[in-house]
Amino acid sequence: MDAPVATDQSGLTSAEVEERRRGGLVNAVPEAPTRTFGEIVRANVLTPVNGIIGVMFAIIMMVAPGPDALFAGVVISNSVIGIVQELRAKRTLDKLAVLSAPKATVVRDGTEHTIGTGEVVADDLMILRPGDQVVVDGTVVVSESLELNESLLTGESDPVVKDEGAEVLSGSFVASGSGSYRADRIGAASYASSLAEEARQFRLVDSELRNGINLILRWLVWIIPPVALLLLIALLRVNDSDDGWRDALVGTVAASVAMVPDGLVLLTSVSFIVGVLALARRQALAKELAAVELLARVDVLCLDKTGTITTGEIAFAELVTLDSGGVDEAEVRAALGASAAADPSPNATLAAVAREFAVPEGWEATDAVPFSSARKWASVTFAERGTWFLGAPEVLLAGLDGDDAAVVMPVLERQAEAGRRVVLLARSDEAPTDEHLPPARRAVALVLFEDRVREDAPEILAYLRSQGISLKVISGDHPATVAAVARRAGVSLEGQAVDARTLPTDDDELADVLDRSQVFGRVTPHQKRQMVGALQSRDHVVAMTGDGVNDVLALKDADMGIAMGSGSSASRSVAELVLLDDAFSSLPRVLSEGRRVIANIERVANLFVVKASYAVLLALLIGVLQAPFLFLPRHFTLVGTFSIGVPGFFLALEPTDRRALPGFVARVVRFAVPAGIVAALCTIACYEWFRRSGEMALDEARTSAVCVLLGIGLVVLVLISRPLRAWHTGLVAAMAASYAVVLSVEPLREFFALDLPPRWAWAGIAAAVAVGAVVLVVGPHVVPGWWQAASRPDDDEEPAAAVPV
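Per this note's numbering: the sequence shown = residues -4 to 800.
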C-alpha cells in the first residue's frame, strides 16, 4: 500500500519518515565502486607471487626446515604491508568522500533539518535556496521566483523558471529565487542516477605500470616451471647419494625463489599508496591507487572554462556611465548598491553587484520585481528616486528612441569580443505594471562583468604546457567569451576559437580540427564525449575536467577523469580524481606524484628483473655444467635484502620530477636482462674457477659467489640511482657495510651458511666484480640503445620545470 503524500508545508511527521524507512523508500544511491575489506585482503594475499613462494616454502619445510625458509617472510610482509597500507588509504579517502558529500534541507514535523542525501525519504518536503543543489527528482510545491540552473544535466547555462507543479531534476542548482519541492523519484530512480548508471560500471584504470608488471609476471610464470624442472633433473644427476635428492630440491627451491620478483608488487603498491595519501593531504581524492600515475602520462588535457580556469564566480569588471542618461556616477553607484540589497535572494549577477557597490543611506525600496530569465530584467522602486531597472540591454533598449541604442550597441559589441557580459542599468519615473516595462525609461549605465580567472591559472597552465601537455579549453559559452577567458589565463590561441556547431561528425575529421585548435565554444555534452574519442583515436592520452552530469560519459571515456568537488555527485562518482576543494592548482602536484611513482617503480622493477634474469641464467648454466647449485635459499635472501629489497624500498619513495615516457616494459627489459646476464656470467665464472681449483671447499666457493653477486648488484643499484645524490652513495655504502658485518660476525656467518674464502681468493672476487662493473658502464657505448633507453639519466636531460606550489 502506498504511503500518504505530504501536501502541506509542515512536511512529513517522524512517524511517516520511519514508515518510509521501513518500506525501503530511502534515497539509497549506489556509491562509487571501491574495494571492500575482504576484497583488499584477497587481492593482497592470493597473488601469483605469494602462490609460488608458498609452494616453495612447503617444499623447503619438508626437506630442509630452518634458515633456508627465510624467504617465506616475504609472503607475510607483502600481504601485511599491502593490506595495512591499502586499508589506511581507504580509510583516509572514505573520510574525504564523506566530507565532500552534498547535504539536503528538509522540513519534518514543521521544522527544517539539514541531513545527508542518503537520509532523504520519498515525499520529503525539500527546501531550495540560491546555490542549493537538487538532490532528488520532485515536484515544486512553492515557488518564489524559483529558477534552476540545469547546465549540469543539459549543458545549457540559461536558468529555467520553475513554477508550482513544475518538475525538478536531481543535479540542477538554484540560480535565483527560492521554494520547496516534494521528493518523488529517489535513489537509482532519479534522473541523475539513471544517467550515471552506464558510467558506474567498475573498471580498473589503464595503468601502464600495472599492465607492465603483470606482463613481466606472466612471462616468469611460463619460464620458472620448465627451468626449475630442468635444474632439478640436473641436480639429481649431480647429487646421486642417498640424501642427494634433498640437496637437489634445496638448490631448485633457491633458484626458483630467486626468479620470482617477490617484492616488486609490494613496492609498487606502497609507492602508489604513498602517492594517493600525498594527494589526499592536498584535498585531491584518487579513487584507485593506479590513478596517481595517469596524469603523468597525459598529453592532452581538456579543460572546462567554468570552475577550472575560472573560479565559477561572476566578477564586476567596469562601470560605463552614459551621458544620455543624465545621471552622475555617484548616483549610479548608489542605485546599484541599493538595488542589490533590495533582493533577498540575489542571483549571481546581483551578488557580484552587491560585492562591489556599498548600500547607500536614504534609499528606501517601496516595490521590487525580482529577476526572471523569462523577462530578463529586475526592477526596484525607491521612494522619491524612481524605478531602476537592471537587465539584458537588448530587452531594456527595445522600444526606446534610437539615441540610446546607437550609444550602447557599439559598446556591447566591443565588450562581447573581450569576453565580458554586459548588463544595462535604466531609470524611469514609472514603475512596471503587470511586469511590463514602462515606455518612458532612459539607459543610464552599462555594468560590465567577467568570469574571474583563478589567480594561479596562468602559472599552472604555463607549467602544464612546459611539460608537453596540450590544452583544449571546452565550454558551452559563446566562442568569443571562451577565447577571451583563455587569453587572460595565458593560453596562446592558434587561429580563432571554434564554434562547436560547425564541427564535423566524422571522428577522423574531428581529430584534425582538434589537432589545429585549442578553444571550443558552444560544445554540447554529446560532442564532449566524441571529442575525447577522436583524440584517443590519434593515440593521445586524454584527461578531462568536468563537474556536471552531462560530463559523466566523457569523464568515463577519458583516460583520466578529473571532477570538481562542488560538481554533481554523478561526475564525482565516475572520475578517477576528485579535486575536493576545486583547487586547479592541485594538478601540478598530481603530475609530480605520478612522475615520482613512474620513475621510482621503473627503478625498482629494474632491480627485481635483474635478479630474475640472473637467477634463470644461473639455473640454466648449472644444468649445463652439471655442478652443485652455487647458492642456498638463504644466500639469495641475503643478496636480495642488501642489493634489492631495502634499497628498493627507499628508491620507491624518492621524490623526482623526471618526465614520464611510454615503453616501461621495453626499457626495463633492455636494461635488466643484459645486466642480469653480466651478473650471472661473472658469478658463475668465479664460482666454477674456485670450485674446480681444488684449493677451496664448496661452502667457500659459494661464499665467494655470494660476494661477487652482491658486489655487481650494488653496481646495478648505483647505475639506476643516477643522478647520484649523497644519500644514494650512503645507501650503497650502508648495504655493503651490512654484508661486511654478516661476514665478520661468526653467529651471523653460521646462520647464513657462509665460510670466509682464503685471502688469495679476494683478488679474484674483486676482479669478477670489476669486470662486471666495467661491462655495465661501458656497455651502453658499445650496444646502442641499451643503457640510455633503459634509464634516461637526468643529467642527460634538461631539468624539469619547478612544480608550482
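Don't be surprised by glycine CBs; every beta carbon is placed ideally from N, CA and C.
What you are looking at is a predicted structure, and each value in this text was computed from that prediction instead of being measured.
Query                                                                                                                                                                             : Result
Roughly how many angstroms lie between the CA atoms of Ser739 and Arg241, to the nearest whole one?                                                                               : 29 Å
Within 10 angstroms of the Cβ of Lys98, are there 16 or more other Cβ atoms? Answer buried if so, exposed if not.                                                                 : exposed
Could you check how far apart the C-beta atoms of Lys606 and Ala253 are, in whole angstroms? I think they sit under 8 Å.                                                          : 6 Å
Would you call the CB atoms of Leu633 and Val468 closer than 9 Å?                                                                                                                 : no
Starting from Ala363, follow its DSSP beta bridges and name the residues at the other end.                                                                                        : Val375
Going by alpha carbons, who is nearest to Thr476 out of Glu649, Ile455, Val599, Asp446?                                                                                           : Asp446
Please state the DSSP three-state secondary structure of Asn595.                                                                                                                  : helix
Taking 9 Å as the cut-off, decide whether the C-beta atoms of Thr247 and Phe624 are in contact.                                                                                   : yes
Check whether the Cβ atoms of Val156 and Val129 sit closer than 9 Å, and answer yes or no.                                                                                        : no
In the DSSP assignment, the beta strand (DSSP E) including Asp554 goes from what residue to what residue?                                                                         : Note, Asp554: premise wrong, no beta strand (DSSP E); not H, not E.
Compare the C-beta of Val252 with all C-beta atoms of chain C and state if any pair is closer than 9 Å.                                                                           : Chain labels in this structure do not include chain C; a single protein chain is all it has.
Where does Lys157 fall in DSSP's three states?                                                                                                                                    : coil
Kindly list the residues whose CB is nearer than 6 Å to the CB of Val0, restricted to its own chain and excluding five residues on each side of it in sequence; keep chain order. : Residue confidence is low: Val0 scores 42 on pLDDT, short of 50, so the model does not pin down where it sits. No coordinate-derived value is stated.
Could you tell me whether the stretch 480 to 488 touches the stretch 295 to 310, using the rule of 3 or more Cβ pairs below 8 Å?                                                  : yes
Taking Phe444 and Val418 to be in contact with their CB atoms under 8 Å, please state how far apart those CB atoms are, rounded to whole angstroms.                               : 7 Å
Please report how far the alpha carbon of Phe197 lies from the alpha carbon of Leu550, in whole angstroms.                                                                        : Because the pLDDT at Phe197 is just 42, under 50, the model does not fix this residue reliably, and the value given afterwards should be weighed accordingly. Their backbone Cα atoms lie some 14 Å apart in a straight line.
If you draw a straight line from the alpha carbon of Trp383 to that of Pro355, how long is it in whole angstroms?                                                                 : 15 Å
Compute the Euclidean distance between the alpha carbons of Gly560 and Arg292, then round it to the nearest angstrom.                                                             : 23 Å
Using 10 angstroms around the beta-carbon of Phe830, count the other beta-carbons present and answer buried if the total reaches 16, otherwise exposed.                           : Shown here, the chain extends from -4 to 800; a query on residue 830 therefore has no answer.
Return the residue from the list Leu420, Arg213, Gly166, Val527 that minimises the CA-CA distance to Asp294.                                                                      : Val527
For Met539, count neighbouring C-beta atoms within 10 Å of its own C-beta (all shown protein chains included) and say buried if the count is 16 or more, exposed if not.          : buried
Exposed or buried, which one is Pro819 when buried takes at least 16 other CB atoms within 10 Å?                                                                                  : Outside the shown range of the chain, which is -4 to 800, sits residue 819, and nothing can be said about it.
Could you spell out the range, first to last residue, of the beta strand (DSSP E) harbouring Ala281?                                                                              : 279 to 281
Just curious, the beta strand (DSSP E) that His431 is in, first and last residue?                                                                                                 : Run containing His431: none; DSSP gives neither H nor E here.
Can you list, in chain order, the stretches of the beta strand (DSSP E) that have 3 or more residues and sit fully within the stretch 241 to 281?                                 : 279 to 281
Who pairs with Glu445 in a beta bridge, going by DSSP?                                                                                                                            : Ala310
Taking all protein chains shown into account, decide if Glu192 is buried (16 or more other Cβ within 10 angstroms of its Cβ) or exposed.                                          : Low confidence applies to Glu192: its pLDDT is 48, below 50, so where it sits in the model is not reliable, and the reading given next is rough at best. When all chains shown are included, Glu192 counts as exposed.
Could you give the uninterrupted runs of the beta strand (DSSP E) lying entirely in the stretch 474 to 511, keeping only those of 3 residues or more?                             : none
Can you name, in chain order, every residue of its own chain whose Cβ lies under 6 Å from the Cβ of Pro256, other than the five neighbours on each side?                          : Phe603, Ala607
Looking only at C-alpha atoms, which of Ala337, Leu391, Asp576, Ile760 sits nearest to Ala378?                                                                                    : Ala337
What is the rounded straight-line gap between the Cα of Pro669 and the Cα of Val769?                                                                                              : 13 Å
Going straight from the alpha carbon of Leu749 to that of Leu225, what length do you get?                                                                                         : 27 Å
Using 8 Å for Cβ pairs, my map puts Phe637 next to Leu705. What's the rounded Cβ distance?                                                                                        : 6 Å
Taking one C-beta from the stretch 308 to 319 and one from the stretch 576 to 586 each time, how about it: are there three or more such pairs within less than 8 Å?               : no
Going by the CB atoms, is the gap between Leu7 and Arg124 shorter than 9 Å?                                                                                                       : no
Can you tell me whether Trp755 is buried or exposed, with buried defined as 16 or more other CB within 10 angstroms of its CB?                                                    : exposed
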